[in-house]
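**Q**
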Amino acid sequence: MKRKVLVVGGGGREHALVEALHRSPSSPEIFAAPGNAGTAARAKNLPIAADAVLELVSAAIERRLDLVVVGPEVPLVLGLVDRLGERGIPALGPRAAAARLEGSKSFSKKIMAEARVPTARFLSTSDQDEAIEFARSLSGRVAVKADGLAAGKGVIVAGDEAEAISAIRQLAGDAAARDGLVVEERLEGEELSVLALTDGTHIATFSGAQDHKRVRDHDEGPNTGGMGAYSPAPKGTRALLDEIERTALRPVLDRLAELGAPFSGVLYAGIMLTADGPKVLEYNVRFGDPEAEVLLPRLRGDVFELLLSAATGQLRPGPVDEIDQAALTVVMAAAGYPARPRRGDVIHGLKEAEAIPGVHVYHAGTEQVGGEVRTAGGRVLAVTGMGADLAAAKEAAYRGVAAIHFEGQHFRTDIGARALGR
Ligand code: AMP
Ligand code: GLY
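Each residue of the sequence shown is one higher than the last, beginning at 1128 in our numbering.
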């Protein structure tokens, strides 16, 4: 009998998961909740929101699913994996107690300190004066973070005292700061995303990836969820990835297990490559978006079996099996993104772009309206190019982008420039 898998979420990451599951030799039947116009081609979209935990569990029971793969962080923090576990349904992702590693910045810093993970010096506090005093002691060169989930908008990096004080005042008023603020030393360097699958005991790392968070070229403009990525990142040598596994992944898994909150799923360390070595900026407890759009198409073998093995304690440790090609993805965003994205613009050229060799078009904020695909979110598409090296991958990705058009579209033209300029 065909096995059944549900992908929870509806962004580019989830479309990339659906595609990777679709090409698995075990050819499972695939569902997505809620999915998007892209996942609909390979999966049955269920009209259930990604954070509607009880409805997701009901659907999983009703359809006798063999695996649930959770894309975004919110359902993890809300305990989706706990509820599925009670019903005996395997899920890729941590339970709520371990998802706090992303859900609470102060918890995350506490675990890092206890596990002796290299990270920025910090203070967790709910007292603004104390926060300001600590920021002053670092001459205002700090990152200020609201404790709770803020969809990437809860961090302000300050360069002097005035900026630090205004950041503390601003974030202290946000809902995500209900449980306080983290103020930490500002780290300098290049960022690297290191993701690994883990069943709690075994770790299988992916190649390193680099994200591009600012909305405009040359890293200008406001932060976004991510405007593009590539992998492998030349800075992420095997030796460095091994060091990060040893210093930043393994100790955190061990510490969480000691606390009775064992972690399984995808552990993602956001690393700053500082002059003093790699340091952890944050953990995410899921695939990154758009990192997934460059990591998943590089996986070799049966992705369904791989994800199931991580969800059931059977993961084979060591680097995941990846093809020898590079991948680079360019996010095409809607008019007004990130502040106020416009919806409803008709997207042209999708078929033409998909027909280009080495190009995958992953849908993010899209919806099918009659015969048309329209924009329905801030990040609309992630266009991934594959090639023998990063330069070839970049060329393929931008050929894909050039074939597509919608009113108000914008994208960065410099994805990968840093790696290629070296
Ligand atoms: P986070 O959500 O903690 O990863 O923060 C989002 C982004 O803010 C990171 O990807 C960095 O670009 C930046 N950031 C966070 N913490 C620091 C820090 N201590 N020093 C410099 N930049 C930081
Ligand atoms: N691309 C960064 C993230 O998914 O959090």
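Just so you know, even glycine gets a beta-carbon here, dropped at the ideal spot from N, CA and C. Predicted, not measured: the structure shown is a model, and the values here were computed from it.
From GLY1485 to ARG1268, what distance separates their C-alpha atoms?
**A** Each residue's Cα considered, the two are about 43 Å apart.
**Q** Given this structure, state the Cα-to-Cα distance separating TYR1555 from LEU1517, to the nearest angstrom.
**A** The chain is shown from 1128 up to 1549; residue 1555 falls before or after that span and cannot be answered.
**Q** Can you name the start and end residues of the beta strand (DSSP E) that PRO1202 belongs to?
**A** No beta strand (DSSP E) holds PRO1202; the alpha helix (DSSP H) holding it covers 1200 to 1204.
**Q** Between which two residues does the beta strand (DSSP E) harbouring TYR1525 extend?
**A** Looking at the DSSP string, TYR1525 is not in any beta strand (DSSP E); the run it does join, the alpha helix (DSSP H), is 1517 to 1530.
**Q** Classify SER1235 as buried or exposed, calling it buried when 16 or more other Cβ atoms lie within 10 Å of its own Cβ.
**A** By the 10 Å Cβ count, SER1235 comes out buried.
**Q** Where does GLY1137 fall in DSSP's three states?
**A** In the structure shown, GLY1137 sits in coil (DSSP, three-state: anything other than H, G, I, E or B).
**Q** Please report the distance separating the alpha-carbon of GLY1220 from that of SER1391.
**A** Their backbone Cα atoms lie some 6 Å apart in a straight line.
**Q** Does the beta-carbon of PRO1174 have 16 or more other beta-carbons within 10 angstroms, so that it is buried, or is it exposed?
**A** Per the 10 Å Cβ criterion, exposed.
**Q** Is ARG1169 near ligand 1 - that is, is its Cβ less than 7 Å away from at least one heavy atom of it?
**A** Outside the cutoff, so no.
**Q** Shortest alpha-carbon distance to THR1456 belongs to which of LEU1265, MET1513 and LEU1477?
**A** Nearest option by C-alpha distance: MET1513.
**Q** Is it right to say ARG1539 is buried, meaning 16 or more other beta carbons lie within 10 angstroms of its own, or is it exposed?
**A** Under this definition ARG1539 is a buried residue.
**Q** Determine, using beta carbons only, whether ALA1177 and ALA1164 come nearer to each other than 8 Å.
**A** No. Outside cutoff.
**Q** Strictly closer than 5 Å from CB to any heavy atom of ligand 1: give me those residues in the order they appear in the chain.
**A** Those satisfying the condition are, in chain order, ALA1247, ALA1270, VAL1282, VAL1284, GLU1311, ARG1313, LEU1314, GLY1397, LEU1408 and GLU1409.
**Q** Alpha carbon to alpha carbon, what distance is there between HIS1490 and GLY1463?
**A** Using only the alpha carbons, I get a separation of about 18 Å.
**Q** Anyone know if the C-beta pair for GLY1198 and LEU1144 falls short of 8 Å?
**A** In contact: GLY1198 and LEU1144 (Cβ atoms closer than 8 Å).
**Q** By DSSP's criteria, TYR1357 is part of a beta bridge. Which residues make up the other side?
**A** GLN1337 and LEU1455, per the DSSP bridge assignment.
**Q** Should the segment 1502 to 1509 be regarded as contacting the segment 1381 to 1398, the criterion being three or more beta carbon pairs within less than 8 Å?
**A** The segment 1502 to 1509, when compared against the segment 1381 to 1398, does not touch it at the 8 Å Cβ threshold.
**Q** Work out the CA separation of PHE1249 and ARG1140 for me, nearest whole Å.
**A** Going from the Cα of ARG1140 to the Cα of PHE1249 covers about 31 Å.
**Q** How about ALA1331 and ARG1210: do their beta carbons lie closer than 8 Å?
**A** Taking 8 Å as the Cβ cut-off, ALA1331 and ARG1210 do not qualify as a contacting pair.
**Q** Check the C-beta distance from ALA1454 over to SER1358 and give it rounded, since I have them as a contact under 8 Å.
**A** 6 Å between Cβ atoms; contact.
**Q** Counting beta carbon pairs with one atom in the segment 1339 to 1353 and one in the segment 1361 to 1379, are three or more of them shorter than 8 Å?
**A** Contact between the segment 1361 to 1379 and the segment 1339 to 1353 is absent, because fewer than three Cβ pairs lie under 8 Å.
**Q** If you pair each beta-carbon of the segment 1411 to 1420 with each one of the segment 1433 to 1453, do three or more pairs fall below 8 Å?
**A** Result no; under three Cβ-Cβ pairs closer than 8 Å.
**Q** Should GLU1418 be listed as close to ligand 2, given that the test is whether its C-beta is under 7 Å from any heavy atom?
**A** Yes, since a heavy atom of ligand 2 falls inside the 7 Å radius drawn around the Cβ of GLU1418.
**Q** Excluding the five sequence neighbours on either side, which residues of its own chain have a C-beta within less than 7 Å of the C-beta of GLY1404, listed in chain order?
**A** Excluding residues within five positions, the ones whose Cβ falls inside 7 Å are PRO1245.
**Q** Name the one or two DSSP bridge partners that GLY1512 has.
**A** BP columns for GLY1512 point to LEU1455 and VAL1486.
**Q** Would you kindly work out how many angstroms separate the C-alpha atoms of ASP1254 and ALA1270, rounded to a whole number?
**A** Distance between the alpha carbons of ASP1254 and ALA1270 is about 16 Å.
**Q** Verify whether the separation of the beta carbon atoms of SER1573 and GLU1432 is less than 8 Å.
**A** Look at the range of the chain in this structure, 1128 to 1549, and you will see that residue 1573 is not part of it.
**Q** Consult DSSP for LYS1123 and reduce its assignment to one of helix, strand or coil.
**A** Nothing can be reported for residue 1123, as the shown portion of the chain is limited to 1128 through 1549.
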